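Residue numbering for the sequence shown follows my numbering, starting at 27 and increasing by one per position.
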Amino acid sequence: MSTPIAHLSRRYHFSASHRLHVDALSPEQNIATFGKCNNPFGHGHNYVVEVAFSGPVDPATGMVTNLADLDSFAQRNLLDLFDHANLNTLPLFLDQVSTTENLAVEVWRIFAEYPHATLRRVHIEETGNNSFDYFGNESAAVPAFM
Numbered sequence: 027m028s029t030p031i032a033h034l035s036r037r038y039h040f041s042a043s044h045r046l047h048v049d050a051l052s053p054e055q056n057i058a059t060f061g062k063c064n065n066p067f068g069h070g071h072n073y074v075v076e077v078a079f080s081g082p083v084d085p086a087t088g089m090v091t092n093l094a095d096l097d098s099f100a101q102r103n104l105l106d107l108f109d110h111a112n113l114n115t116l117p118l119f120l121d122q123v124s125t126t127e128n129l130a131v132e133v134w135r136i137f138a139e140y141p142h143a144t145l146r147r148v149h150i151e152e153t154g155n156n157s158f159d160y161f162g163n164e165s166a167a168v169p170a171f172m
């Protein structure tokens with residue numbers, strides 16, 4: 027009998043600020059492109075990050091991964107970095123705009139290093155109206171489990 031594969035999603039919350047701005051654009055172009063998100067003083071969000079993993083169900087524990095291990099990894103690698111941070115001041119955003127699309131890619135890079143399950147999706151809710159999904163560089167389509 028083959029080992030069943032299951033999917034696991036876990037949500038994490040953090041608050042951070044940012045300013046959407048491109049130095050190569052004029053002030054007028056930045057305002058036209060980013061609108062109120064180009065405010066010189068920045069603005070903040072209460073982000074909700076959901077990471078989805080898959081993996082074999084361990085026959086001894088019945089789990090894809092130990093949630094305590096995943097939460098510890100998320101604390102060290104996600105929350106300690108982003109919570110109450112100005113995203114624009116972080117090294118990973120010094121050369122790219124701190125959009126939530128780019129944040130999703132960076133969160134993917136972080137959780138792709140989690141050793142106990144395979145990352146399948148990063149979903150970030152920026153506001154009640156805006157959310158973003160990233161499935162990694164290789165994916166061209168939304169996986170069937172969505």
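We treat Cβ as the ideally placed atom computed from N, Cα and C, and that holds for glycine. Just so you know, these numbers come straight off a predicted model, no measurement behind them.
With a 10 Å radius around its C-beta and 16 neighbouring C-beta atoms as the bar for buried, classify V48 as buried or exposed. Position 22 of the sequence shown, counted from the first residue, corresponds to residue 48. Exposed, because fewer than 16 other Cβ atoms sit within 10 Å of the Cβ of V48.
Could you check if H44 is buried or exposed, using at least 16 other CB atoms within 10 Å of its CB as the buried criterion? Residue 44 sits at position 18 when you count from the first residue of the sequence shown. H44 comes out buried.
Which two residues bound the contiguous beta strand (DSSP E) that contains P82? As a position in the sequence shown, residue 82 is number 56, starting the count at 1. Segment 69-82, the beta strand (DSSP E) holding P82.
Local Cβ density within 10 Å of H110, reported as buried at 16 or more and exposed below that: As a working note, residue 110 is residue 84 in the sequence shown. Classification for H110: exposed.
Evaluate the contact criterion for the segment 30-46 versus the segment 115-126: three or more CB pairs, one atom per stretch, below 8 Å. Judged by Cβ distances under 8 Å, the segment 30-46 makes contact with the segment 115-126, as three or more pairs qualify.
Mark E54 as exposed unless 16 or more other C-beta atoms lie within 10 angstroms of its C-beta, in which case mark it buried. For the purposes of this step, residue 54 is taken as the residue at position 28 of the sequence shown. Result: exposed.
Express the C-alpha separation of L96 and M27 in angstroms, rounding to a whole number. Sequence index remark: in the sequence shown, residue 27 carries index 1 (1-based). Sequence index remark: in the sequence shown, residue 96 carries index 70 (1-based). Going from the Cα of M27 to the Cα of L96 covers about 28 Å.
Indicate whether the contact test is met: 3 or more Cβ pairs, each with one atom in the segment 81-90 and one in the segment 145-155, closer than 8 Å. Contact between the segment 81-90 and the segment 145-155 is absent, because fewer than three Cβ pairs lie under 8 Å.
In chain order, what residues of the same chain have a beta carbon less than 8 Å from the beta carbon of L145, not counting five sequence neighbours either side? Here residue 145 is taken as the residue at index 119 of the sequence shown, counted from 1. Closer than 8 Å at the Cβ level, and outside the excluded window around L145, lie V77, A78, F79, W134, F137, A138, G162.
Residue(s) in a DSSP beta bridge with A50: Stepping through the sequence shown from its first residue, residue 50 is reached at position 24. A50 pairs with nothing; no bridge assigned.
What separation, rounded to the nearest whole angstrom, lies between the Cα atoms of N103 and R147? Translated into the one-based positions of the sequence shown, residue 103 becomes position 77. Translated into the one-based positions of the sequence shown, residue 147 becomes position 121. Their Cα atoms are separated by approximately 17 Å.
Of the choices L113, V123, C63, H69, whose alpha-carbon is the least far from that of A50? Translated into the one-based positions of the sequence shown, residue 50 becomes position 24. In terms of Cα proximity to A50, the closest of L113, V123, C63, H69 is V123.
Quick check: T91 and A143, are their CB atoms within less than 7 Å of each other? Residue mapping note: residue 91 aligns to position 65 of the sequence shown, counting from 1. Residue mapping note: residue 143 aligns to position 117 of the sequence shown, counting from 1. Yes, these two residues count as a Cβ contact at 7 Å.
Tell me, which residues are paired with V148 by DSSP? Within the sequence shown, the letter at position 122 stands for residue 148. V148 is bridged to V77, Y160.
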